[in-house]
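Trainee:
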Amino acid sequence: MSNLPPRLAEIVEDFSLCVGQEKLEYLLEFAEKLPPLPNWVDTSEANMDQVHECVSPVFIYPEWKEGKIFYHFDIPEEAPTVRGYASLLQEGIGWTTPEAIEQIPQEFYLQMGLQHVLTGQRLNGVTAVLAHMKQLARNP
0 MSNLPPRLAE
10 IVEDFSLCVG
20 QEKLEYLLEF
30 AEKLPPLPNW
40 VDTSEANMDQ
50 VHECVSPVFI
60 YPEWKEGKIF
70 YHFDIPEEAP
80 TVRGYASLLQ
90 EGIGWTTPEA
100 IEQIPQEFYL
110 QMGLQHVLTG
120 QRLNGVTAVL
130 AHMKQLARNP
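One point on numbering: in numbering that gives the first Met the number 0, the residue at position 46 of the sequence shown is 45, and numbering is uninterrupted.
#1: Rounded to whole angstroms, what is the Cα-Cα separation between T96 and I68?
#2: Assign H131 to one of three DSSP states: helix, strand, or coil.
#3: Is the separation between the beta-carbon of H71 and that of L27 shorter than 8 Å?
#4: Using only alpha-carbon positions, find the residue among G112, L87, R82 that is nearest to L16.
#5: Go to D13, then tell me how far its alpha helix (DSSP H) extends in each direction, as first and last residue.
#6: What is the DSSP secondary structure of F72, reduced to helix, strand or coil?
#7: Write down the C-beta distance between L122 and Q114 rounded to the nearest angstrom, noting that I regard them as a contact closer than 8 Å.
#8: Near F83, which residues of its chain fall below 7 Å by C-beta distance, leaving aside the five closest residues on each side in sequence?
#9: Using the Cα positions of Y60 and W39, report the straight-line distance between them to the nearest angstrom.
#10: Could you tell me how far apart the beta carbons of V57 and I74 are, in whole angstroms, since I believe they sit closer than 8 Å?
#11: Helix, strand or coil for N62? Go by DSSP, reduced to three states.
#12: When burial is assigned at 16 or more other CB atoms within 10 Å of the CB, is H51 buried or exposed?
#13: Determine the direct distance from the alpha carbon of P104 to that of D13, and round the result to whole angstroms.
#14: For A78 and T118, I'd like the C-alpha separation in whole angstroms.
#15: Answer with buried or exposed for T80, where buried requires no fewer than 16 other C-beta atoms within 10 angstroms of its C-beta.
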(Lines of atoms letter the chains of each structure in order from A and count residues from 1; the text may use other names and numbers.)
(Lines give C-alpha, C1' and ligand atoms only; values in the text may rest on other atoms or scores of the structure.)
Protein backbone atom coordinates (compact mmCIF):
# COMPACT_ATOMS: atom_id res chain seq x y z
CA MET A 1 0.00 0.00 0.00
CA SER A 2 3.03 2.25 -0.14
CA ASN A 3 1.86 3.68 -3.48
CA LEU A 4 -1.41 4.87 -2.02
CA PRO A 5 -2.04 8.35 -0.67
CA PRO A 6 -2.24 8.20 3.15
CA ARG A 7 -6.01 8.63 3.46
CA LEU A 8 -6.67 6.07 0.71
CA ALA A 9 -4.35 3.63 2.51
CA GLU A 10 -6.44 4.12 5.68
CA ILE A 11 -9.65 3.37 3.77
CA VAL A 12 -8.10 0.25 2.24
CA GLU A 13 -7.03 -0.87 5.71
CA ASP A 14 -10.55 -0.31 7.05
CA PHE A 15 -12.01 -2.41 4.23
CA SER A 16 -9.49 -5.18 4.84
CA LEU A 17 -10.77 -5.47 8.42
CA CYS A 18 -14.36 -5.96 7.25
CA VAL A 19 -15.63 -9.50 6.80
CA GLY A 20 -17.96 -10.77 4.07
CA GLN A 21 -20.97 -8.56 3.45
CA GLU A 22 -19.57 -5.91 5.79
CA LYS A 23 -17.37 -4.87 2.86
CA LEU A 24 -20.41 -4.21 0.71
CA GLU A 25 -22.18 -2.38 3.54
CA TYR A 26 -19.12 -0.17 4.04
CA LEU A 27 -18.99 0.55 0.31
CA LEU A 28 -22.65 1.57 0.42
CA GLU A 29 -21.87 3.95 3.29
CA PHE A 30 -19.39 5.67 1.01
CA ALA A 31 -22.04 5.83 -1.72
CA GLU A 32 -24.27 7.82 0.61
CA LYS A 33 -21.43 10.29 1.27
CA LEU A 34 -20.76 11.15 -2.38
CA PRO A 35 -21.60 14.84 -2.66
CA PRO A 36 -23.62 16.21 -5.54
CA LEU A 37 -21.80 18.12 -8.24
CA PRO A 38 -21.03 21.71 -7.29
CA ASN A 39 -23.30 24.22 -9.04
CA TRP A 40 -20.39 25.75 -10.93
CA VAL A 41 -19.51 22.49 -12.74
CA ASP A 42 -20.30 22.81 -16.43
CA THR A 43 -22.22 19.66 -17.32
CA SER A 44 -22.74 20.58 -20.95
CA GLU A 45 -22.09 17.78 -23.40
CA ALA A 46 -18.75 19.29 -24.45
CA ASN A 47 -17.45 19.02 -20.87
CA MET A 48 -18.80 15.58 -20.03
CA ASP A 49 -16.12 12.98 -19.35
CA GLN A 50 -17.97 9.68 -19.34
CA VAL A 51 -16.51 6.36 -18.25
CA HIS A 52 -17.95 4.30 -21.10
CA GLU A 53 -16.77 0.97 -19.67
CA CYS A 54 -19.25 1.29 -16.80
CA VAL A 55 -22.73 -0.12 -17.25
CA SER A 56 -24.09 2.78 -15.20
CA PRO A 57 -23.64 6.34 -16.44
CA VAL A 58 -20.50 7.65 -14.72
CA PHE A 59 -19.19 11.15 -15.38
CA ILE A 60 -15.98 12.59 -13.95
CA TYR A 61 -15.24 16.30 -13.78
CA PRO A 62 -11.65 17.18 -12.91
CA GLU A 63 -10.89 20.44 -11.13
CA TRP A 64 -7.35 21.79 -11.39
CA LYS A 65 -5.66 24.19 -9.00
CA GLU A 66 -1.96 24.93 -8.65
CA GLY A 67 -0.90 21.72 -10.39
CA LYS A 68 -3.18 19.50 -8.32
CA ILE A 69 -6.37 17.74 -9.33
CA PHE A 70 -9.64 16.99 -7.56
CA TYR A 71 -12.34 14.79 -9.06
CA HIS A 72 -16.08 15.46 -8.94
CA PHE A 73 -18.42 12.63 -9.89
CA ASP A 74 -21.92 12.46 -11.31
CA ILE A 75 -23.28 8.95 -10.76
CA PRO A 76 -26.95 8.06 -10.27
CA GLU A 77 -28.10 6.79 -6.90
CA GLU A 78 -29.27 3.65 -8.69
CA ALA A 79 -25.59 2.67 -9.05
CA PRO A 80 -24.57 2.45 -5.39
CA THR A 81 -21.46 0.28 -5.78
CA VAL A 82 -19.76 2.52 -8.32
CA ARG A 83 -20.91 5.58 -6.34
CA GLY A 84 -19.29 4.09 -3.26
CA TYR A 85 -16.05 3.38 -5.09
CA ALA A 86 -15.96 6.90 -6.58
CA SER A 87 -16.69 8.37 -3.16
CA LEU A 88 -13.88 6.46 -1.47
CA LEU A 89 -11.52 7.56 -4.25
CA GLN A 90 -12.62 11.16 -3.85
CA GLU A 91 -12.12 11.04 -0.09
CA GLY A 92 -8.97 8.95 -0.25
CA ILE A 93 -7.21 11.01 -2.88
CA GLY A 94 -8.55 14.52 -2.36
CA TRP A 95 -6.45 17.21 -3.99
CA THR A 96 -3.36 15.51 -5.34
CA THR A 97 -0.77 15.60 -8.07
CA PRO A 98 -1.05 13.73 -11.35
CA GLU A 99 2.06 11.77 -10.33
CA ALA A 100 0.36 10.50 -7.16
CA ILE A 101 -2.69 9.39 -9.16
CA GLU A 102 -0.47 7.54 -11.61
CA GLN A 103 1.21 5.59 -8.79
CA ILE A 104 -2.05 4.10 -7.48
CA PRO A 105 -2.13 0.43 -8.53
CA GLN A 106 -5.01 -0.16 -10.94
CA GLU A 107 -6.31 -3.12 -8.95
CA PHE A 108 -5.73 -1.79 -5.43
CA TYR A 109 -9.30 -2.88 -4.68
CA LEU A 110 -7.92 -6.42 -4.29
CA GLN A 111 -6.32 -5.29 -1.01
CA MET A 112 -9.81 -4.26 0.11
CA GLY A 113 -11.32 -7.65 -0.76
CA LEU A 114 -13.95 -6.13 -3.06
CA GLN A 115 -13.49 -9.01 -5.50
CA HIS A 116 -15.33 -11.14 -2.93
CA VAL A 117 -18.47 -8.98 -2.89
CA LEU A 118 -18.68 -7.44 -6.39
CA THR A 119 -19.33 -9.16 -9.69
CA GLY A 120 -16.71 -9.24 -12.41
CA GLN A 121 -18.72 -6.71 -14.40
CA ARG A 122 -18.77 -4.27 -11.46
CA LEU A 123 -15.03 -4.78 -10.90
CA ASN A 124 -14.41 -3.93 -14.55
CA GLY A 125 -16.40 -0.75 -14.06
CA VAL A 126 -14.58 0.38 -10.93
CA THR A 127 -11.24 -0.40 -12.56
CA ALA A 128 -12.30 1.76 -15.50
CA VAL A 129 -13.11 4.67 -13.16
CA LEU A 130 -9.55 4.81 -11.84
CA ALA A 131 -8.13 4.34 -15.34
CA HIS A 132 -10.20 7.29 -16.55
CA MET A 133 -9.07 9.41 -13.60
CA LYS A 134 -5.46 8.66 -14.53
CA GLN A 135 -6.14 9.61 -18.15
CA LEU A 136 -7.63 12.93 -17.05
CA ALA A 137 -4.61 13.58 -14.82
CA ARG A 138 -2.29 13.09 -17.82
CA ASN A 139 -4.21 15.61 -19.93
CA PRO A 140 -4.94 18.76 -17.92
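All C-beta atoms in this analysis are idealised placements derived from N, C-alpha and C, irrespective of residue type, glycine included. Given the structure is predicted, the values throughout are model-derived calculations rather than measurements.
Mentor: This is what the structure holds:
#1: Your numbering for residue 96 matches position 97 in the sequence shown. Your numbering for residue 68 matches position 69 in the sequence shown. Distance between the alpha carbons of T96 and I68: 6 Å.
#2: Position 132 of the sequence shown, counting from 1, holds the residue named residue 131. In this structure, H131 counts as helix in the three-state DSSP scheme.
#3: Mapped onto the sequence shown, residue 71 falls at position 72. Mapped onto the sequence shown, residue 27 falls at position 28. Going by C-beta atoms, H71 is not nearer than 8 Å to L27.
#4: To locate residue 16, count along the sequence shown from 1; it is residue 17. L16 has its Cα closest to that of G112, out of G112, L87, R82.
#5: Here residue 13 refers to the residue found at position 14 of the sequence shown. That run of the alpha helix (DSSP H) goes 5-16.
#6: Looking up residue 72 in the sequence shown gives position 73. Here F72 sits in strand by DSSP.
#7: The residue you call residue 122 lines up with position 123 of the sequence shown. The residue you call residue 114 lines up with position 115 of the sequence shown. With 8 Å as the limit, L122 and Q114 qualify as a contact, their Cβ atoms being about 6 Å apart.
#8: The residue labelled residue 83 in the question sits at position 84 within the sequence shown. Residue identity check: residue 83 is Gly in the sequence provided, not Phe. Cβ within range, chain order: L26, L27, F29, A30.
#9: The residue you call residue 60 lines up with position 61 of the sequence shown. The residue you call residue 39 lines up with position 40 of the sequence shown. In a straight line, the C-alpha of Y60 is about 11 Å away from that of W39.
#10: Against the sequence shown, residue 57 aligns to sequence position 58. Against the sequence shown, residue 74 aligns to sequence position 75. Confirmed, Cβ separation roughly 5 Å.
#11: The residue you call residue 62 lines up with position 63 of the sequence shown. Sequence check: residue 62 is Glu here, not Asn. Note: E62 maps to strand in three-state DSSP.
#12: Counted from its first residue, the sequence shown places residue 51 at position 52. It counts as exposed.
#13: Residue 13 sits at position 14 when you count from the first residue of the sequence shown. Residue 104 sits at position 105 when you count from the first residue of the sequence shown. Their backbone Cα atoms lie some 18 Å apart in a straight line.
#14: Position 79 of the sequence shown, counted from the first residue, corresponds to residue 78. Position 119 of the sequence shown, counted from the first residue, corresponds to residue 118. If I take the Cα positions, the gap works out to 13 Å.
#15: Position 81 of the sequence shown, counted from the first residue, corresponds to residue 80. That one is buried.
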